[in-house]
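Participant: Numbers in our numbering are just positions in the sequence shown, counted from 1, shifted up by 1038. Built from N, CA and C at the ideal position, the CB exists for glycine as well.
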Amino acid sequence: MSAAESLVTFTFADVNPITERTYARSTFAELPGYAADIVTGALALEPGEWNILVADDEAFDFTGVDDEYPIPGAVRCEDVRADGSSVVVVPAALMAPREVPEEIIEVIG
């Protein structure tokens, strides 16, 4: 059984499950889709611009260290077991990295 579900947010200081580095130290191609969507949407950055910020260790200047961003459609299901654990459910479409233009891949590689 699970108790109430709550919306899930992340910060760019959190560990990227794909790279095991923070989101702010992950190139655009390494970001899960939900983080890539924030970069191109809320932050209005192109993939190449993001990669330059990551390379220069300046991504936090744009994202903030503690600023929280929602993961639409993801939920944290609080487990009512004795250990108090919770499970985060993120739709697969939000986890998949976004396509990166060929010229950006060449810059990364």
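(1) Within 10 angstroms of the Cβ of Thr1047, are there 16 or more other Cβ atoms? Answer buried if so, exposed if not.
(2) Can you check DSSP and say which residues form a bridge with Ser1123?
(3) Which residues in the same chain have their Cβ closer than 7 Å to the Cβ of Ile1076, if we skip the five residues on either side of it in sequence?
(4) My output table needs one value for Ile1076: the three-state DSSP class, helix, strand or coil.
(5) Taking Val1103 as the reference, which of Met1133, Asp1095, Thr1057 has the closest Cα?
(6) Give the range of the alpha helix (DSSP H) segment to which Val1092 is assigned.
(7) Less than 8 Å between the C-beta atoms of Val1092 and Arg1114, yes or no?
(8) Return the CA-CA distance between Val1053 and Leu1069, expressed in angstroms with no decimal places.
(9) By the 10 Å Cβ neighbour count, where 16 or more other Cβ atoms means buried, how is Ala1131 classified, buried or exposed?
(10) Return the first residue and the last residue of the alpha helix (DSSP H) that Phe1100 is part of.
Facilitator: If we stick to the structure as given:
(1) exposed
(2) Answer is none; Ser1123 lacks a bridge partner.
(3) Closer than 7 Å at the Cβ level, and outside the excluded window around Ile1076, lie Tyr1107.
(4) helix
(5) Asp1095
(6) 1085 to 1093 is the span of the alpha helix (DSSP H), which, as asked, contains Val1092.
(7) no
(8) 11 Å
(9) It counts as exposed.
(10) 1098 to 1101
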